[in-house]
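To start, the structure under review is shown below, and the notes come after it.
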Amino acid sequence: MRAALRSLRSLRVQVVLTALVTAGLLAALVVAARLMFVSERDALIVSLLVVGAALVTVRVAALLERQRERAAAEAARRRLVAAVSHDLRTPLAALRLLVEAVDDDIVDEPTRRRYLATMQTHIHSLSAMIDDLFELSRIEAGDIEWSIRQVELSPLVDETVAAMAPEARAKRVEVRCELDGDALAAAADPERIQRVLFNLIRNAIRHTPADGSVVVRAQQGAEAVEIEVADSGPGIAPADRERIFDAFYRGEPHAARDDGGAGLGLAIARAIVETHGGRIWLAPGDAGTRIRFSLPRRAG
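Throughout the sequence shown, residue numbering follows this note's numbering, covering 29 to 328 in sequence.
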């Protein structure tokens, strides 16, 4: 509803501006024509023709721009459908084979239990991907109620790092915090920002080799708080840097498909951060990957 009202207000502003510009241009042309000793009637006709041609040109340019936007949106939709289809088809095909093997009684009991555990993993992966898709679509549609207030971020960072400790230990990855003091206050929805931290830290752990490290840093600025999640992994190829926050984009397939991610974590993180009025970006560095995001210190 809010988005619709914003669009309506924007449309009204555009209409008023167009009318003012057209009226101003017409008046200027009439005056110019009169100065060239053209009769008032001829001056008005010439001015109307010039303004009409200008408006037609502007209209054609706007239509061409809309056509380009529709083509880009259609291309993005096709990429999204292809990515979703792939990510659904792969675990579903594996589930079908496992179910057939268990149903046909062609495996012994230990193997059957192992297959059932694998089936549960695939089901959990599918469920998580559907939940992520639903959340991303709700954020982009503006269908989420936000609870943005003044929040101390240090406890959120500590809680998230503690929650990720078992996964980090399983990969022999060290996760540590380097916070700029305890008073890191920002205007934020704590549940959503914890989701951002969770996505970034999990992504960093997944792409960090054994005996590597992940560091969470935060510092308070005059207008915003900046939080960074840095890892000692292989880094991101230059060709992938512009698209890492796109939904389902995971860079080189041979390097990214093995981590179990659906390529939605960074897209969700970006949507949440931008809804807060902040921004998220890939920070430069000599090694590994450093993803940084900012949050305004005060609402509004």
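All C-beta atoms in this analysis are idealised placements derived from N, C-alpha and C, irrespective of residue type, glycine included.
Practice task
To the nearest angstrom, report how far apart A295 and L164 are at their CA atoms.
Solution key: 8 angstroms
Practice task
Compare the C-alpha of D208 against each of E254, G170, L184 and E195 and name the closest.
Solution key: E254
Exercise for the section: Quick one: residues in its chain with C-beta nearer than 7 angstroms to the C-beta of A129, no 5 flanking neighbours on either side, listed in chain order? Expected result: V135 and Y143
Problem - Beta carbon of L225 nearer than 8 angstroms to that of Q248 - result: no
Practice task
Could you tell me the distance, in whole angstroms, from the CA atom of T303 to the CA atom of S153?
Solution key: 27 angstroms
Practice task
Rounded to whole angstroms, what's the CA-CA distance from R307 to S260? Just pull it up for me.
Solution key: 23 angstroms
Handout entry: Reference P324, options R318, V301 and G313, closest by Cα
Key = V301
Practice task
May I ask you to list the residues that DSSP assigns as paired with Q247?
Solution key: E254
Exercise for the section: Could you tell me the distance, in whole angstroms, from the CA atom of V189 to the CA atom of D160? Expected result: 21 angstroms
Handout entry: Three-way DSSP call (helix, strand, coil) for S322 in this model
Key = strand
Handout entry: Whole-Å CB distance - A327 paired with A246, under 8 angstroms assumed
Key = Contact doesn't hold; Cβ gap of about 19 angstroms is too wide.
Problem - Residues bridged to S241 (per DSSP) - result: E202
Practice task
List the DSSP bridge partners of R269.
Solution key: According to DSSP, which records beta bridges pairwise, R269 is partnered with nothing at all.
Exercise for the section: Using alpha carbons as the reference points, say which of R96, A299 and V127 lies closest to D171. Expected result: A299
Practice task
Name the residue from E195, D314 and S322 whose alpha carbon lies nearest to the alpha carbon of A250.
Solution key: S322
Exercise for the section: Give a yes or no on whether the C-beta atoms belonging to V257 and R204 are separated by under 8 angstroms. Expected result: no
Problem - G313, buried or exposed, once every other Cβ within 10 Å from all chains shown has been counted against 16 - result: exposed
Exercise for the section: Note down the Cα distance separating F273 from Q222, rounded to an integer number of angstroms. Expected result: 18 angstroms
Problem - Selection from A100, I229 and A122 that minimises the alpha carbon distance to A191 - result: I229
Problem - H150 beta carbon less than 8 angstroms from that of L123 - result: yes
Handout entry: Residue burial classification, L91 (beta-carbon count within 10 angstroms, cutoff 16)
Key = exposed
Exercise for the section: Look up A214 in the DSSP assignment and give the residues it is bridged to. Expected result: V179
Exercise for the section: Go ahead and label D131 buried or exposed: buried means 16 or more other beta carbons lie within 10 angstroms of its beta carbon, across all protein chains shown. Expected result: exposed
Handout entry: Assumed close pair S182, D217 - CB separation to whole angstroms, cut-off 8 angstroms
Key = Their Cβ separation, rounded to whole angstroms, is 17 angstroms, which puts S182 and D217 out of contact at 8 angstroms.
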